[in-house]
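Novice: Residues 11 to 96, numbered by our numbering, are exactly what the sequence shown covers, in order. Note that beta-carbon positions come from the ideal geometry of N, C-alpha and C, so glycine has one too. Quick caveat, the model's predicted, so the values are computed rather than measured.
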Amino acid sequence: IVLVDFANRMREEGASVREAAQQAGEVRLIPIVMTTLTTILGLLPLTLNGGSLWAPMGWTIIGGLLTSTTFVLLLVPILYQLFTRE
């Protein structure tokens, strides 16, 4: 949502679809990665010392965060370019 919203704002300012997608990825990269890393760091105590119930849940959440962040940073700009009209 954050990437698409930023790209749409860039399009309103006159950027092409490709430029908007690229700029959105560049500008929002650091905030997205930092948010993911702080959440993962917050989950590490739960994951490493959570016992048999909480540790698997922590690993699952961390895996989901890493997967979704990768998809957001790679697939969203590509799909935005494919499905947005000039």
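For Ala31, which residues from the same chain have a beta carbon less than 6 Å from its beta carbon, with the 5 sequence-adjacent residues on both sides left out?
Specialist: Ala17, Pro87, Tyr90, Gln91
Novice: Beta-carbon within less than 6 Å of Leu65's beta-carbon, same chain only, minus the 5 sequence neighbours each way: which residues are those?
Specialist: This sequence places Ala at residue 65; Leu is not what is there. So the qualifying residues of the chain are Thr57.
Novice: Measure the C-alpha to C-alpha separation of Arg38 and Val27 and round it to an integer number of angstroms.
Specialist: 16 Å
Novice: Can you tell which of Leu54, Thr94, Leu63 has the C-alpha that lies nearest to the C-alpha of Leu75?
Specialist: It is Leu54.
Novice: In angstroms, rounded to a whole number, what distance separates the CA positions of Val14 and Asn59?
Specialist: 38 Å
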